[in-house]
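The sequence shown begins at 1248 in the numbering used here and counts up by one.
Here a beta-carbon is modelled for each residue, glycine too, at the ideal position from N, C-alpha and C.
Quantities reported herein were computed from a predicted structural model and do not represent experimental measurements.
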Amino acid sequence: MNPSPTSDKTAPEGGQVNSTVANTVDYQSTAGQGQQLRNVQVVHQTHNNNPASAKTSGGVLTAAAASAASSLQSAKEAISGK
């Protein structure tokens, strides 16, 4: 493996995305045939969001619940014609 870091990119949400590319080999074998190998690149991405609460499971669930509530409210307003 030969990891080589790439440049940081900004996520659409405003968070920072750190990417690392690792060059490696993929080995595959099927029944009755020999082993195949091919060179591949694996991209590891980490997302650094500013809110500290978003990094905990409780923060993730809170954000998901808020998103679901917002979607339900929008659906109610669309149905009622408001």
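* Asked: Anyone know if the C-beta pair for Gln1288 and Gln1275 falls short of 8 Å?
  -> Counting from one through the sequence shown, the residue named residue 1288 turns up at place 41. Counting from one through the sequence shown, the residue named residue 1275 turns up at place 28. No, the pair does not count as a contact, with Cβ atoms beyond the cut-off.
* Would you please state the rounded distance, in angstroms, between the beta carbons of His1291 and Thr1267? I believe it to be under 8 Å. => Along the sequence shown, one-based indexing puts residue 1291 at 44. Along the sequence shown, one-based indexing puts residue 1267 at 20. So it is a contact: roughly 5 Å between Cβ atoms.
* **Under the three-state DSSP convention, the category Ala1269 falls into** => For the purposes of this step, residue 1269 is identified with residue 22 of the sequence shown, where counting begins at 1. Residue state, collapsed to three classes: strand.
* Using three-state DSSP, classify Gln1280 as helix, strand or coil. => Residue mapping note: residue 1280 aligns to position 33 of the sequence shown, counting from 1. Correct three-state label for Gln1280: coil.
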